[in-house]
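Worksheet: one structure, shown below.
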Amino acid sequence: MLEGLDLRVLYAGRPVLEVPRIEVRAGEILAIIGPNGAGKSTLLRVLGLLEPPTSGVVRFRGSPVAWGSGDLLATRRHFASVFQEPLLCDTTVEANIALGLRLRRAASEAVTTQVQTWLAHLGIAHLARREAGSLSGGEAQRCSLARAFAIQPDVLLLDEPFAALDPPTKDELLTLLQVLLRQEGCTTVFVTHDRDEALRLGDRIAVMMGGRIHQVGVPSEVFGRPVSEEVARFVGVETILPGRVVAEQAGLLTVEVDGMKIEALGRATVGERVLMCLRPEDLVIRRRDERVGLESARNHLEGQVEDATPVGAQYRVRIACGPARGGVVALVTRQSFDDLALERGTPVVVTFKASAVHLIPR
């Protein structure tokens, strides 16, 4: 549906975007994530035909876009955009939703039908005659989304549309958007710095840093098998420790990490230096004096709690393990935290499966 080739953007002679290739498949939701200043919005504007690249080609439905030609506006009519700021006109909600249709000279009956349909889908029918300037942030963004969907775009561009919303409003809109995007089958490019948003919406995820795409894949691949330490840290891997492969047997590796022996699944050669990565949600903590039955986890590390920090409905617990006191980080529910009576210095055992370990060559 949409493709960028050898895209490069320079601002004041400085490269801010260098992307050899990016593809957005028909009907998919591609989430582009990365830290502030990574070039996400610049890439979105280029793919959305809102900003020409310094060099490179954008293809829509297989045909290259001719920047500056008379066909550019006609091609843009296949796109709709929603930004962090709603960008509504100083008129009523229903007039805002109708705007794109009227600019496309849609028949009056079709305009009325589409406006009523999307007022209902976005849950703002009761606001139809309200002035847009009087809307709350969540209501205004619903109006923006309704306006975008009403023109039935081939490509929908979303540039951090939930960044300014409070958590309950954001969660409600994300849930609604999930349903609408699947229902419409709309090809979507969604830019965000929020990992959870990307996981909820993205069919595939592209990780951007420093104007470049570092990894593209399905969520389980990007979050479970990051290609570099930088990507791993951004996607929420909190335990990253250097190690060395000391044994291999039928795909089961033994890795020496800070004096500890860790078993992992993967491909590597004996003697290879690696980074051992563990996601905090894959670790299980129990008190060292707790008696347990058989466990399926291959890895058991003894350690002591260093600190614990509340994070929403969970606690982030840092544990010093092994002879070198290498730190690992686990997430536990508040209930588990209270039941285990964890505090600084509590002796614990951390368990995790070999399949939870991801190794990055270094």
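Yeah, the sequence shown ends on 361 if you go by numbering that gives the first Met the number 0, and it's all consecutive.
Here a beta-carbon is modelled for each residue, glycine too, at the ideal position from N, C-alpha and C.
Source: prediction; values computed, not measured.
Item: Per DSSP, what are the beta-bridge partners of PRO166 in this structure?; Value: PRO166 is not bridged to any residue.
Item: Give me, in chain order, the residues of the same chain whose beta-carbon lies closer than 7 Å to that of ARG24; leave out the 5 immediate sequence neighbours on both sides.; Value: MET0
Item: Would you check if there are 3 or more beta carbon pairs closer than 8 Å linking the stretch 81-90 to the stretch 101-116?; Value: no
Item: Give me the residue from VAL256, ALA231, ARG203 and LEU277 with the minimum Cα distance to VAL244.; Value: VAL256
Item: Compare the beta carbon distance of THR238 and VAL316 with 8 Å and say whether it is the shorter of the two.; Value: no
Item: Which first and last residues belong to the beta strand (DSSP E) in which PHE351 is found?; Value: 346-351
Item: What does a CB cutoff of less than 7 Å around ALA97 pick up in its chain, not counting 5 residues either side in sequence?; Value: VAL110 and VAL114
Item: Step through the CB atoms of chain B and report whether any lies within less than 8 Å of the CB of VAL215.; Value: No chain B is part of this structure, which consists of one protein chain only.
Item: Nearest to THR253 by alpha carbon, out of VAL234, LEU144, LEU274 and VAL15?; Value: LEU274
Item: Around the C-beta of GLY47, are 16 or more other C-beta atoms found within 10 angstroms, so that it is buried, or is it exposed?; Value: buried
Item: Could you tell me how far apart the beta carbons of VAL81 and SER40 are, in whole angstroms, since I believe they sit closer than 8 Å?; Value: The Cβ separation is near 13 Å, so there is no contact.
Item: Given a cut-off of 8 Å, decide if VAL8 and VAL45 are closer than it, judged by their beta-carbon atoms.; Value: yes
Item: Using DSSP bridges, identify the partner residues of PRO34.; Value: According to DSSP, which records beta bridges pairwise, PRO34 is partnered with nothing at all.
Item: Between the C-alpha atoms of LEU164 and SER54, what's the straight-line distance to the nearest angstrom?; Value: 36 Å
Item: Taking three-plus beta-carbon pairs below 8 Å as touching, is the stretch 344-355 in contact with the stretch 300-313?; Value: yes
Item: Where does ILE96 fall in DSSP's three states?; Value: helix
Item: Are PHE351 and LEU264 touching if we call contact CB-CB under 8 Å?; Value: no
Item: Expressed to the nearest angstrom, what Euclidean distance is found between the alpha-carbon atoms of SER364 and ARG285?; Value: Residue 364 cannot be examined here, being either before or after the span of the chain that is shown, 0 to 361.
Item: Just reading off the alpha helix (DSSP H) that ASP195 is part of, what are its end residues?; Value: 194-200
Item: Closest to HIS357 by C-alpha separation, out of LEU330, CYS276 and ALA307, would be which residue?; Value: CYS276
Item: Can you tell me whether DSSP reads VAL217 as helix, strand or coil?; Value: coil
Item: Would you kindly work out how many angstroms separate the C-alpha atoms of ARG297 and GLU262, rounded to a whole number?; Value: 7 Å
Item: Identify, in the order they occur along the chain, each residue of the same chain with its Cβ nearer than 8 Å to the Cβ of ALA147, setting aside the five sequence neighbours on each side.; Value: ALA79, SER80, VAL81, GLY99 and LEU155
Item: Going by DSSP in three states, ALA296 sits in which element: helix, strand or coil?; Value: coil
Item: Just to confirm my understanding: we take LEU362, look at its own chain, exclude 5 residues before and 5 after, and list those with CB closer than 6 Å. What are they?; Value: What is shown of the chain runs 0 to 361, which leaves residue 362 out entirely.
Item: Using only CA atoms, which one of GLU108, ILE359, GLN83 and LEU175 lies nearest to ILE123?; Value: LEU175
Item: Which of the three DSSP states is assigned to ARG287 in this structure?; Value: coil
Item: Out of SER219, ARG278 and GLU130, state which residue places its alpha-carbon closest to the alpha-carbon of ALA353.; Value: ARG278
Item: Have a look at the DSSP bridge pairing and note the partners of LEU6.; Value: VAL18
Item: Output the distance between the C-alpha atoms of ASP70 and VAL56, rounded to the nearest integer angstrom.; Value: 15 Å
Item: What are the start and end residues of the alpha helix (DSSP H) that includes GLU50?; Value: From DSSP, GLU50 is part of no alpha helix (DSSP H); its letter is neither H nor E.
Item: Per DSSP, which residues does LYS260 bridge with? Please list them.; Value: GLU255
Item: If you follow the beta strand (DSSP E) that VAL273 is part of, which residue opens it and which one closes it?; Value: 272-277
Item: Pick out whichever of ALA267, VAL310, GLU228 and PHE222 has its Cα sitting closest to the Cα of GLU247.; Value: ALA267
Item: Based on Cα-Cα distance, which residue from ARG211, GLU220, GLY209 and ARG290 lies nearest to ARG203?; Value: GLU220
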